[in-house]
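Undergrad: The structure under discussion is supplied below as structure tokens; questions concerning it will follow.
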Amino acid sequence: MLIKRPKGWEMKEREATPESVFRARRRLIAGLGLGGIAAGGLGYLALAERMGDTAPVRSAEAAPAGPVADPSASLYPAPRNEKYQLDRPLTGERFATTYNNFYEFGSHKNIHQEAQRLRVRPWTVTIDGLVEKPLTLGIDELLARVSLEERLYRHRCVEAWSMAVPWTGFAFAELVALARPLSAAKYVRMETFMDPSMAPAQRQSWYPWPYVEGLTIEEATNELAFLATGIYGKPMPAQNGAPLRLAVPWKYGFKAIKSIVRFEFTDRRPKSFWEVIQGTEYGFWANVNPKVPHPRWSQATEQVLGTGERVPTQLYNGYGEHVAHLYADKTGERLFM
Ligand SMILES: Nc1nc2c(c(=O)[nH]1)N[C@H]1C(S)=C(S)[C@@H](COP(=O)(O)O)O[C@H]1N2
Ligand SMILES: [Mo]
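Next comes the structure, spelled out in structure tokens:
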């Protein structure tokens, strides 16, 4: 599919002032129709409103010191794997890194500054459950045991906005190989960190923290399943899910769990964060399908982050040739929500 390259995609140098960025954000927010969202168009915000959580999260604690140098910085940029091509321009970095969903830092999109409280070293990753030998290792140890590459992927949020970004990371299959799951393992359950001192919104007890997501082993070992450690040729910024987050581009964005600390191999289907909150709207499979509307809005089109352009949504977000076979025998399952 050809999508016209929008005008004004790239910011001119002279526009790179904080004020123009602020104005660009306002245009972006207008373009994304957030007025409509505030009126109750989107589930997450509607939930937050019901729960009385419309005010930004504030914490009594002092802000942490400035960011420390990332010990993995020398691994970037990693070579690009040309196999994964886009049908649209890349989203501008300043959009993808300032318009985020990361509920641990607040239920609105503008959490990128609050997210700088995230401390990404030391960062321990645990691999356990139905595996030959449980493993606990530091993120830098893990990075030394995998091969990093860059992939250009689309990302389709269930809220009907999308972006296209260069992730750096490694195939999820590499982690599964490290884990050596037992044959009884059918799923991998992933967990985000739990630390309200870094992420004040985790004190909001009406959310089922920590954030949890899951995949079948077949999904996790599909070549598209990617564990991202960086974006735009640099280590992952906090707000995008440093230091390790999932990218499964054929699924709705909420599957792409951020800041992972644990991979548990299990024979039971994990119940994800959003499924616990609203199981009738956010299920386990959550594959993208323009023909299956969300109970409260259409999924036929999506608004492109940074331009506000509206484009048709594709089945499996355009990745059907890689993943459709995974679901051929799953009749009777709610595959698309
Ligand atoms: N831990 C955690 N992971 C998360 C979320 C979150 O709130 N917490 N939001 C999800 C949603 S809804 C989306 S669309 C993507 C957004 O990723 P981005 O901010 O890098 O665009 O992260 C997903 N992963
Ligand atoms: Mo999302």
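Our numbering numbers the first residue of the sequence shown as 1349 and each following residue consecutively.
We treat Cβ as the ideally placed atom computed from N, Cα and C, and that holds for glycine.
1. Just checking T1516 against ligand 1 - is the residue's beta carbon closer than 8 Å to any of the ligand's heavy atoms?
2. Could you pull the start and end residues of the beta strand (DSSP E) that H1503 belongs to?
3. Which of the three DSSP states, helix, strand or coil, is assigned to N1637?
4. Closest by CA to E1441, which one among D1677, I1579 and E1669?
5. At the level of alpha carbons, what is the spacing between D1418 and E1612?
6. Which residues bound the alpha helix (DSSP H) around A1444?
7. Compute the Euclidean distance between the alpha carbons of R1428 and D1476, then round it to the nearest angstrom.
8. Under 9 Å, do G1601 and R1504 count as touching if we go by C-beta distance?
9. Could you compute how far the alpha carbon of P1548 sits from the alpha carbon of Q1461?
10. What do you reckon, are the CB atoms on S1607 and P1591 nearer than 9 Å?
11. Quick test of the definition: if touching needs 3 or more C-beta pairs under 8 Å, does the segment 1545-1559 touch the segment 1613-1624?
12. R1528 and V1479 look like a contact to me (Cβ under 8 Å); what is the Cβ gap, rounded to whole Å?
13. Can you tell me the Cβ-Cβ gap for L1491 and V1473, rounded? I've got them flagged as a contact below 8 Å.
14. Counting by C-beta, which residues lie closer than 5 Å to a heavy atom of ligand 1, in chain order?
15. Going straight from the alpha carbon of D1488 to that of W1515, what length do you get?
16. Determine the extent of the alpha helix (DSSP H) in which E1623 is found, giving its start and end residues.
17. Just to check, is the beta-carbon of E1507 closer than 8 Å to a non-hydrogen atom of ligand 2?
18. Between which two residues does the alpha helix (DSSP H) carrying V1524 extend?
19. Pull up the distance between the alpha-carbon of P1583 and that of W1645, whole angstroms please.
20. Would the beta-carbon of A1568 fall within 9 Å of that of L1523?
21. In three-state terms, what does DSSP make of K1603?
22. Fully enclosed by the segment 1545-1621, which beta strand (DSSP E) runs are 3 residues long or longer?
23. Just to confirm, is the Cβ distance from F1632 to G1562 under 9 Å?
24. Per DSSP, T1474 forms a beta bridge with which residues?
25. Between A1521 and D1615, how many whole angstroms is the CB-CB distance? I'm expecting something under 8 Å.
TA: Concretely, from the data shown:
1. For ligand 1, no non-hydrogen atom lies closer than 8 Å to the CB of T1516.
2. Segment E1497 to R1504, the beta strand (DSSP E) holding H1503.
3. For N1637, the three-state secondary structure derived from DSSP is coil.
4. Checking every option, the nearest Cα to that of E1441 belongs to I1579.
5. Our two residues, D1418 and E1612, have alpha carbons roughly 27 Å apart in a direct line.
6. Unbroken alpha helix (DSSP H) run through A1444: E1441 to A1444.
7. Rounded to the nearest angstrom, the gap between the Cα atoms of R1428 and D1476 is 31 Å.
8. Yes, the pair counts as a contact, with Cβ atoms nearer than the cut-off.
9. The alpha-carbon of P1548 is positioned some 13 Å away from that of Q1461.
10. Cβ atoms of S1607 and P1591: closer than 9 Å.
11. Verdict: yes, contact present.
12. Here R1528 really is in contact with V1479; their C-beta atoms are around 6 Å apart, less than 8 Å.
13. For L1491 against V1473, the beta-carbon gap comes to about 10 Å, at or over 8 Å, which does not count as contact.
14. Output, sorted by chain position: N1448, N1449, F1450, Y1451, C1505, T1540, Y1559, N1588, G1601, F1602, A1604, I1605 and K1606.
15. Just so you know, the alpha carbons of D1488 and W1515 end up roughly 18 Å apart.
16. It spans F1621 to Q1626 - the alpha helix (DSSP H) in which E1623 sits, taken as one unbroken run.
17. At least one heavy atom of ligand 2 lies closer than 8 Å to the C-beta of E1507.
18. F1520 to A1527 is the extent of the alpha helix (DSSP H) around V1524.
19. So the two alpha carbons sit approximately 35 Å from each other.
20. Annotated as proximal: A1568 and L1523, with beta-carbon spacing under 9 Å.
21. In the structure shown, K1603 sits in a helix (DSSP, three-state: H, G or I).
22. Restricted to the segment 1545-1621, the beta strand (DSSP E) segments that are unbroken, complete and at least 3 residues in length are 1560-1564, 1574-1579, 1593-1595 and 1608-1614, listed in chain order.
23. If you check the CB distance, F1632 and G1562 come in under 9 Å.
24. Beta-bridge partners assigned by DSSP to T1474: T1484 and R1610.
25. At roughly 20 Å, the Cβ-Cβ gap does not stay under 8 Å, so A1521 and D1615 are not in contact.
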